[in-house]
Structures are given as structure tokens and as C-alpha cells.
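Notes to accompany the following structure.
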Amino acid sequence: MNEKLSFQNIADLIVQKADVPKKTADTFAKAFFDTITDTLVAGEETVKVKGLGVFKLVSMGSRESVNVSNGERIVIPGYKKVAFTPEDGVVEFLNRKAVEDEAASVSAVSAVADAPEVQEIPAVVEEDKVEDKAEDASPVETEKTVEELIQVAEPTHVEEPQDAFAGIDMLISTPESVEEVRQQYEEAKARMEVAVEEARKANAEKVRLEKLLERLEANAVPESVVELQGGETKEGEAEAAEKIENQPSGEVQDKTSAEEATEGERRQRAFDRLMNESSRKEEPQETRKWGWQFWTAAVVVFLIVIGFLLYQTFRNIEAVEKVQMAEMPAKPTKYPAKKGKPTITQPTVPVASSSAHKKDSAAQATKSETSRISTPSTPPAQPAQSAQSVQPVSPTKPAAAQKTEQKPAAAKGVANDKKQEKTVTKDKKQEKAVAKDKKPEQKPTRPTSHVMQRGESLTRVSQKYYGTKDSVQAIIRKNKLKDPNNVPLGYVIKLP
Amino acid sequence: MTNKELLEKLSQKTNFEMDEVKKLSSSLIESVLESLSDGNSVTIQGFGSLEPREKASRKIYNPTTKTYLVVPPKKTVGYKMSAALKDRLNAK
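Keeping their order, the protein sequence lines are chains A and B. Heads up, the numbering used here is the position in the first sequence plus 1008, with the first residue counted as 1. Heads up, the numbering used here is the position in the second sequence plus 792, with the first residue counted as 1.
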């Protein structure tokens, strides 16, 4: 027991077993082990020895470690080693021997003794099984069954990191450009949020105005309502309301005289009146009177502006990405240095901005109709809220608005506006979706920690921050990760 | 390399008959295994050492049946290559 047998002992055993001269046994045993090693050294991957197991050549990758004495980071170079997997029969043989030696009951007892601790709920069946088998058949069999059960649980998570890695490699990019993309993305997001906020306000106002209109229509006593609303709310609303009431046109008289007129008809008429009014208004002073139309127009303007901003930023991002993609295959694994940034940003930014300008002018041209309707109302008559809302979102727009303001507005009705609004909202949705897609690209470059992204492996993280895959072990150690192949999404990794 | 190839190579190397080689190799393996099962480790110069290793019992959980199982301790064979072999493999 626990002796260290040498070559000579084995040779002696062979002599006993095979009944051959000592010399033969010696030479044979020597040749036997030499052949195995020679074959492996010659580059053969595996050597199968029947009755013993498989000797396999395994390459160990280089990894990074720390010099214990001075804390320096050192790279342990990769090397080849021989791994040995014993045959099933060998393991069985060893265990059977052990069991026979130590009396059959022991293993069964130990198995059962351990069981109650762990097998809290469902254990009973399994426990019984083990016991029965231990008593009935040989203990080896019980072990076998257990082993079979183990087999089920174990396989599956080996290939995964490799696959994920292949996909991610494409995304490797220079930190600068990533930074830039992120900035752009952040800007776009901020702008979008502001715009959405404004749009929502505008929408709320619109709804309120519509409600007010309805109420006024329904109410028999208009004066009080007008006073109330005018007192609390904005000028535009109040005046719009007043307008409706103070216009004693023929229609209104008709309406009052024809008491049978239904609610729907009345509303329709009021709507028509509003339309007529708004179409008549050409000067800014008068524009304040058609609040309802103004609000829809304001919404349209917002959406257009948002759409353009998003489109611009998206184009920027896309251009940058394209250049990156083109660069990738050339140097995929190397940590991309600062070269990337100027080549990427300088060409793309001017293009994008110029195109944006073009687009803006084009927009002015194409949307002159809508702007004629919408923009006059923008600066003076506007309630404070919407004035604020337009200006921060679009630096180019106010100028355009002022220009078109002086032009006589040819009102075309709401139908056009609605159409435009629809298309613009569609655009906006697309942009939103695109922006969402971009999100995974966002990579924090904080030096001390890293948030795991979808599909990212530790190897990637190591590659990104250290330029080598060898730091994976260091990261794992630093974070005390139990399963390096399965780091939860969003997990914040401390970087050593 | 399969077992057959190994034996053929051995037969060439030692100039023994195939039958002889088979008999010898089986007796060699047997003696190694017996030593191992007796708890002794076998160290061969230039090759490495084979030693019996104890695997402790462990508790496993079967997620499909939601049951815990105790895997009994078992013995297996461990191998560690010799420094000489490592040097030979990683020369160049």
C-alpha cells in the first residue's frame, strides 16, 4: 500500500506473470513506454493502450499570472502535456477491488449515511434504491447506476464560449470610435427625450383644446366657460374659445334657431368655422386665434425635427460602423490603436453634416406647405411652452420659421398635415428601432470595472482592456467567478 | 495510435513475435493495474507516474427530476508526465 513502484518492480511482476526471462521483460517494458512517449513526441495526438486507457496530447494555452514576490504580471507560456484518461474497465476494476477489500457494505453505508443530509425532499426514493441494490446485487452496480444518472446532468456547456466569441469578434472596435459612437448615441438619445417630452406636452395641449371645444359646443352658456378657461389657461386657448363664441356668424344663428340640429352637426359646423377662420388668418397677430390648428402644426414640426436629428445621427453611426467593419478583417485580434479614429471620423462627419444641411434645405423646400401653415404661429403668438420646445430641439428651424413667417400663409387644410405627421411618425419609429439596435454597441470604458454585455465573454473583456487573452484568469480570480463561462448579463466586473 | 498499431510497433522494435508481444503487454498492464489497485503508484523513468487517486463523494442535483443524489467516492487513475517527457514535448 502507498508504495512507489519503479520500473524494476513492474519488470519483476511481468517476469512472474508471463513467465519470461528478466531480460525479456526489461526490454519489453522499456520498449513499451518508450514507444508511447516517442509516438507522442512525434506529434501523434492520442495513444490508446487497451486495458489501460488513452494517453492524449493536450496543448495548454499561455496564461497570465502574477509574480508572487513583486506582484508583477507575468505570462506563463503555453505548453503541451500528456493527459491520461483511464479506461472504464480500469476504474471499475479499481473500485471493485476496493469494495471487495473493504467489505461490500461500507460503500452502501457511506452512500446512505451521506444521503439524508442532502436529500431533503425527493431523496427517499433514491435512497431506497441505493440501499436495495446495495443489498441485492453487488455494490458496483449501484455505483454504475448512479454514474449513469450523473451522465445526464453533465454534458452541454463546453462549446458555448467559442461560438459566442466568433460572433463578437466582428464587433471589436477602437475605443475612440466606440467612445464617439456612444457620445453620438447619448446626444441623440437626449435630444430624442427632450423632443418626445415636448411632443407629449403639445399633444396634451391639443387634446385639452379639443376637449374644451367640445365642451363649449355642448355648453349652452358659453360666457362663463370662456372666462374660466381664459383665467387659468393660456392666451391661445382662451382666444380660440372666445373666437368660437364671439363669432356670431350666420351659421351660429342658424344653429340656435334650428334647435333640432344634432350634436354631431353642431360640432361639424364649429369645426368648419374653425377651418375657415384659420384659412383667413395671415398675419401673426391673428394667428393666435386658431389654437387648434396651431397645435397640430406644432406637433408636426416637432416630429419632423426629431426625425431629422435621428436620421443624421443614425447615418453617422452607420458610416462609422461601416469603416470599422471594413477595417476589422485586416487586424482582427490586435488591439486597434489610435489610428482608427482620424480615418473614421474625419471623412464621415463632414459628409453626414453636409448631407444633413442638404436635407434641411430640402426639408424647407418640400415642407413649405406645412411650414407655411405651421411656422407663422411659432414665434410671437405662441404660448411660452411650445416656444421653448421648438428652439432647443432644432437650431436650424427657428430661422426657417422666421423666414416663412413673413410669407403669406396659404392654408391647405388639415389633411395634408395629418399625412405628413403620419409619415414622420413612421420615420421616428424606425429611428427609434435603429437606436435600440445600436444600444449593444455602447461600451463603458471605465478602467476599474466593466458591465457585461450580451454575448460578451471574459476573453473579449480581457482582449479589450489588456490587449491579450491571458488576463482572463486574472479577471476570474479578481471577481471570484464560479462559472467563467456563464457570467450574467449586466454583471459588473472588477478589472484587475 | 490504436492499440494494434502500438503492438505492431513494439513487435518491430523488440523483434518479438506478435503473440509474444500481446502476452507481454497484457501481463505488463495487468501488473500495473494490480499495483495501482493495491494503492501503489507506478513511476516509470522518462514516462511519468501512474497513481491511484481517490475521488471524494459529492452531491449532485438532477434538475429534471429535482432530486439530489450522492455520488459515492471512487478510485481512479491519475497520470502525471515526467519532467523529461515535458521537456521533450516542448523542445524546439
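Even glycine gets a Cβ: it sits at the ideal position worked out from N, Cα and C.
On the criterion of 16 or more Cβ atoms from any shown chain inside 10 Å, does Q1024 of chain A qualify as buried, or is it exposed? On the first sequence, position 16 is the one that residue 1024 of chain A refers to. By the neighbour-count rule (16 or more Cβ atoms within 10 Å), Q1024 of chain A is not buried but exposed.
Does DSSP put Y1499 of chain A in a helix, in a strand, or in coil? Mapped onto the first sequence, residue 1499 of chain A falls at position 491. Coil, per DSSP.
Find the residues of chain A that neighbour M873 of chain B, judging by a C-beta separation of less than 8 Å, and give them in chain order. Working through the second sequence from its first residue, we reach residue 873 of chain B at position 81. In chain order: K1089, V1090.
Going by C-alpha distance, which of A:G1475, A:K1209, A:E1464 is nearest I1501 of chain A? The residue labelled residue 1501 of chain A in the question sits at position 493 within the first sequence. Distances from the CA of I1501 of chain A to each of A:G1475, A:K1209, A:E1464 were compared; the closest alpha carbon is that of A:E1464.
Indicate whether the contact test is met: 3 or more Cβ pairs, each with one atom in the stretch 796-814 of chain B and one in the stretch 1061-1070 of chain A, closer than 8 Å. no
Give the interface partners of E800 of chain B over in chain A, defined as CB-CB distance under 9 Å, in chain order. Residue numbering aside, residue 800 of chain B sits at position 8 when the second sequence is read from its first letter. Neighbours of E800 of chain B on chain A: none; closest Cβ ~10 Å, over 9 Å.
Reference S833 of chain B, options B:E843, B:A848, B:D879, closest by Cα: Position 41 of the second sequence holds residue 833 of chain B. Ranking the options by Cα distance to S833 of chain B, first place goes to B:E843.
Using the three-state DSSP reduction, which class does A1210 of chain A fall into: helix, strand or coil? The residue you call residue 1210 of chain A lines up with position 202 of the first sequence. In this structure, A1210 of chain A counts as helix in the three-state DSSP scheme.
Indicate whether E1080 of chain A and A1482 of chain A have their beta-carbon atoms separated by less than 9 Å. Here residue 1080 of chain A corresponds to residue number 72 of the first sequence, with the count starting at 1. Here residue 1482 of chain A corresponds to residue number 474 of the first sequence, with the count starting at 1. The answer is no: Cβ separation not under 9 Å.
Just the Cα atoms here: how many angstroms apart are Q987 of chain A and L1497 of chain A? Nothing in the structure corresponds to residue 987 of chain A, since chain A is present only between 1009 and 1504.
Between the stretch 1198-1211 of chain A and the stretch 1311-1320 of chain A, are three or more C-beta pairs nearer than 8 Å? Enough Cβ pairs lie closer than 8 Å, so yes.
Would you call the stretch 1014-1031 of chain A and the stretch 849-858 of chain B in contact, with 3 or more CB pairs under 8 Å? no
Using only CA atoms, which one of A:K1477, A:Q1191, A:T1047 lies nearest to G1069 of chain A? Taking the first sequence and counting its residues from 1, one reaches residue 1069 of chain A at position 61. Each of A:K1477, A:Q1191, A:T1047 was checked against the Cα of G1069 of chain A, and the nearest Cα belongs to A:K1477.
Would you say E1218 of chain A faces chain B, with C-beta separation under 9 Å as the test? Translated into positions along the first sequence, residue 1218 of chain A becomes position 210. Closer than 9 Å: no.
Beta carbon of L1489 of chain A nearer than 9 Å to that of V1495 of chain A: In the first sequence, residue 1489 of chain A corresponds to position 481, counting from 1. In the first sequence, residue 1495 of chain A corresponds to position 487, counting from 1. Yes, they are a contact pair.
Does the Cβ-Cβ distance between K1038 of chain A and N795 of chain B come in under 9 Å? Translated into positions along the first sequence, residue 1038 of chain A becomes position 30. Translated into positions along the second sequence, residue 795 of chain B becomes position 3. The Cβ atoms of K1038 of chain A and N795 of chain B lie no closer than 9 Å to each other.
Along chain A, which residues have their Cβ under 8 Å away from the Cβ of M810 of chain B? Working through the second sequence from its first residue, we reach residue 810 of chain B at position 18. Chain A residues near M810 of chain B: none, gap ~13 Å exceeds 8 Å.
Establish whether the CB of T1467 of chain A and some CB of chain B are separated by less than 9 Å. If you number the first sequence from 1, residue 1467 of chain A lands on position 459. Not closer than 9 Å to any Cβ of chain B, the Cβ of T1467 of chain A fails to qualify, so no.
Is DSSP giving K1347 of chain A helix, strand or coil here? Residue numbering aside, residue 1347 of chain A sits at position 339 when the first sequence is read from its first letter. Note that K1347 of chain A scores a pLDDT of 43, beneath 50, so its modelled location is shaky and nothing firm can be said.
Give me the Cβ distance between L1013 of chain A and S829 of chain B, rounded to the nearest whole Å; I'm assuming they're in contact under 8 Å. By 1-based counting over the first sequence, the position of residue 1013 of chain A is 5. By 1-based counting over the second sequence, the position of residue 829 of chain B is 37. The pair is not a contact, with the Cβ atoms about 12 Å apart (cut-off 8 Å).
G1051 of chain A to Y1193 of chain A span [Cα, whole Å]: The residue given as residue 1051 of chain A occupies position 43 in the first sequence. The residue given as residue 1193 of chain A occupies position 185 in the first sequence. Rounded to the nearest angstrom, the two C-alpha atoms are 52 Å apart.
Checking the sheet assignment: what are the DSSP bridge partners for P1094 of chain A? Residue 1094 of chain A sits at position 86 when you count from the first residue of the first sequence. DSSP output for P1094 of chain A lists A:G1061 as bridge partner(s).
Which residues in the same chain have their Cβ closer than 8 Å to the Cβ of V1098 of chain A, if we skip the five residues on either side of it in sequence? Indexing the first sequence from 1 puts residue 1098 of chain A at position 90. G1059, L1060, G1061.
R1468 of chain A: buried (16+ other C-beta within 10 angstroms of its C-beta) or exposed? Against the first sequence, residue 1468 of chain A aligns to sequence position 460. Answer is buried; the Cβ neighbour count reaches 16.
I want to verify the contact list: residues of chain B whose CB lies under 9 Å from the CB of V1083 of chain A, in sequence order. To locate residue 1083 of chain A, count along the first sequence from 1; it is residue 75. Those within 9 Å of V1083 of chain A in chain B number zero; the least Cβ separation is about 15 Å.
Between A1037 of chain A and chain B, is there a C-beta pair that is closer than 9 Å? Walking along the first sequence from the start, residue 1037 of chain A turns up at place 29. Yes, contact with chain B.
Give every residue of the same chain whose Cβ lies closer than 6 Å to the Cβ of E1053 of chain A, excluding the five residues on either side of it in the sequence, and list them in chain order. For the purposes of this step, residue 1053 of chain A is taken as the residue at position 45 of the first sequence. Closer than 6 Å at Cβ, skipping near neighbours: L1065.
Indicate whether at least one CB of chain B lies closer than 9 Å to the CB of L1489 of chain A. For the purposes of this step, residue 1489 of chain A is taken as residue 481 along the first sequence, with counting starting at 1. Judged by the 9 Å Cβ criterion, L1489 of chain A is not in contact with chain B.
Simplified DSSP state of I1252 of chain A, which is helix, strand or coil: Numbered from 1 along the first sequence, position 244 holds the residue referred to as residue 1252 of chain A. With a pLDDT of 47 at I1252 of chain A, under the threshold of 50, the predicted position of this residue should be treated as unreliable, though the coordinate-derived value follows. Three-state result, I1252 of chain A: helix.
Which of helix, strand or coil DSSP assigns to N854 of chain B: For the purposes of this step, residue 854 of chain B is identified with residue 62 of the second sequence, where counting begins at 1. Reduced to three states, the DSSP call for N854 of chain B is strand.
Compute the beta-carbon to beta-carbon distance between F839 of chain B and I1484 of chain A, rounded to the nearest angstrom, for a pair I have assumed lies under 8 Å. Walking along the second sequence from the start, residue 839 of chain B turns up at place 47. Walking along the first sequence from the start, residue 1484 of chain A turns up at place 476. About 33 Å; that fails the 8 Å criterion.
Helix, strand or coil at I1352 of chain A [DSSP, three-state]: As a first step, residue 1352 of chain A must be located in the first sequence, where it is residue number 344. Summary for I1352 of chain A: the model assigns pLDDT 43, below 50, so the residue's position carries little reliability; its value from the coordinates is reported in the next sentence. Helix, per DSSP.
Closer than 7 Å by C-beta to Y1087 of chain A: which residues in its own chain qualify, once you throw out the five before and the five after it? Chain order, please. Residue numbering aside, residue 1087 of chain A sits at position 79 when the first sequence is read from its first letter. Non-local C-beta neighbours of Y1087 of chain A in its own chain, meaning closer than 7 Å and more than five positions away in sequence, comprise M1068, ordered along the chain.
Pull up the distance between the alpha-carbon of Y1474 of chain A and that of V1083 of chain A, whole angstroms please. As a working note, residue 1474 of chain A is residue 466 in the first sequence. As a working note, residue 1083 of chain A is residue 75 in the first sequence. If you take the alpha carbons of Y1474 of chain A and V1083 of chain A, they lie about 13 Å apart.
Alpha carbon of L1048 of chain A to alpha carbon of S827 of chain B, nearest angstrom: Here residue 1048 of chain A refers to the residue found at position 40 when the first sequence is read from its first residue. Here residue 827 of chain B refers to the residue found at position 35 when the second sequence is read from its first residue. Going from the Cα of L1048 of chain A to the Cα of S827 of chain B covers about 25 Å.
Please check the pair P1198 of chain A and W1303 of chain A, which I expect to be a contact at CB under 8 Å, by giving their CB distance rounded to whole angstroms. Counting from one through the first sequence, the residue named residue 1198 of chain A turns up at place 190. Counting from one through the first sequence, the residue named residue 1303 of chain A turns up at place 295. Reading off the sequence, residue 1198 of chain A comes out as Ala, not Pro. Contact flag wrong, Cβ pair sits at about 25 Å.
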